[in-house]
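Data block below; observations after.
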Amino acid sequence: MTHRAAHRRVASPGTSHPNSAAAQRARVLAWLHERPLSTIDAREQIAVMHPAARVMELRHAGHAIITVRSREVATDGTEHNVAKYALVRSARRPK
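Each step along the sequence shown adds one to the number in the numbering used here, with nothing skipped, and position 85 is 88.
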């Protein structure tokens, strides 16, 4: 999925800009519901340049997300030490 498709696929209600922090959190959370998210995937696939900040905000909202360090190759062929995030449990929604 391209980042343009990600902007169209996961919209954040009440946000005026598709790359606001709220819109980025929505994209990160949607991805985490499907599979783990690496720093490289966050930047290249869903246009989130600082995924650690969005994950921290999601944790503060009550989502249980773990971090594992790994080495991955970016699309340009360079190898990087990255974080890989996995959703353990979503936050409970108020009734």
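Each residue gets a CB set at the ideal place from its N, CA and C atoms; glycine is no exception.
Apart from the 5 residues on each side of it in sequence, Ala89 sits with its Cβ closer than 6 Å to the Cβ of Pro39, Ile69 in its chain, given in chain order. Here Thr42 is buried, its C-beta having at least 16 other C-beta atoms within 10 Å. CA-to-CA, the gap between Ser73 and Ala86 works out to about 6 Å. In the structure shown, the three-state DSSP call for Ala77 is coil. In the DSSP annotation of this structure, Val85 is not part of any alpha helix (DSSP H); the continuous beta strand (DSSP E) holding it starts and ends at 82-92.
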